[in-house]
Every structure is written in structure tokens, then in C-alpha cells.
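This report refers to the structure that appears directly beneath it.
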């Protein structure tokens, strides 16, 4: 992660602007270091002068999931909504992983209902148990 941050700094020093792919890669390199990843997300927002694309938020949400940072994952999804960036199945899947790992079942069910309301369908990034919770029971 430090090397990725150093590379972003060198790009800025050269008078260039890092693109969203660079920020997403730098955020992914943070592993489970959620504070560092969220700091890079803020930098990406500042550098773009607007909300970055969903891939940058998704990278931050993946980091939140790896770090067990469920509150930060919810905050990041809220930031996306506020910025007008629609969350995709990968973003929701990462947030659900963080919530499930923390045993935050009320938030899990609320998010699954939100996904259904927003028309976000299952994707390979959603785990089998998340999909089972998402689908209505058969009678």
C-alpha cells in the first residue's frame, strides 16, 4: 500500500492527475487497512473534483469487508448514495460480507431489502448464503 501511495504522490508531483483505475488499485493494495483505504478514497474524490466511479468505491468496500469495518462500509454506501453513484452487486456484496462477519443481522436484512428495491440482482460476488437470504422463501 505504501508503494501505491508513493506512486500516486509521484504522479501528482509530476503535475499529472491519477485516474480512477490508479486510485482503485491503490485502495485494493491496502488489504484490510480500512483507514488507509478510506483516506485514499477521499483523495480520489478530491482529485476528481466529483464522485469517483463505482469501481473506486467498490475497492474501498472490499477493504472494509476484509477489515471487518461494517460501520465504515455503511458510511461508504451512504456517501455513494449522496454522490449519486449507484451501488452495484459487488459493492453490496462487500458490505454484506462486513455486516455478516460482525453479526449485524438487522443491517444485513435491511441491505438485502434495499438491494431488491434498487433492482440489484445476485452476482458472483454475493456468497451463496447471502443469496439464500435475499430470495423470498417458497411456500
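Residue numbers (the working numbering): 4 to 142. C-beta atoms are modelled at their ideal positions from N, C-alpha and C, and glycine is treated no differently.
Pick helix, strand or coil for residue i, following the three-state DSSP scheme.
i	result
residue 89	coil
residue 19	coil
residue 46	helix
residue 123	coil
residue 36	coil
residue 72	coil
residue 107	coil
residue 96	helix
residue 54	coil
Going by beta carbon distance, what residues of the same chain come within less than 6 Å of residue i, once the five residues before and after it are set aside?
i	result
residue 81	none
residue 91	57
residue 14	21
residue 67	37, 75, 76 and 101
residue 27	58, 59 and 62
Tell me which same chain residues have a C-beta within less than 7 Å of the C-beta of residue i, skipping the five on either side of it?
i	result
residue 63	30, 40, 41, 44 and 79
residue 69	34 and 35
residue 141	Legend: pLDDT at residue 141 = 46, less than 50; position of this residue unreliable, value from coordinates given subsequently. Counting only Cβ-Cβ distances below 7 Å, and skipping sequence neighbours, we find nothing.
Quick one: is residue i buried, meaning 16 or more other Cβ sit within 10 Å of its Cβ, or exposed?
i	result
residue 73	buried
residue 75	buried
residue 89	exposed
residue 16	exposed
residue 5	exposed
residue 65	buried
residue 61	buried
residue 97	buried
residue 19	exposed
residue 12	exposed
Apart from the five residues on each side of it in sequence, which residues of its chain come closer than 8 Å, Cβ to Cβ, to residue i?
i	result
residue 104	68, 71 and 73
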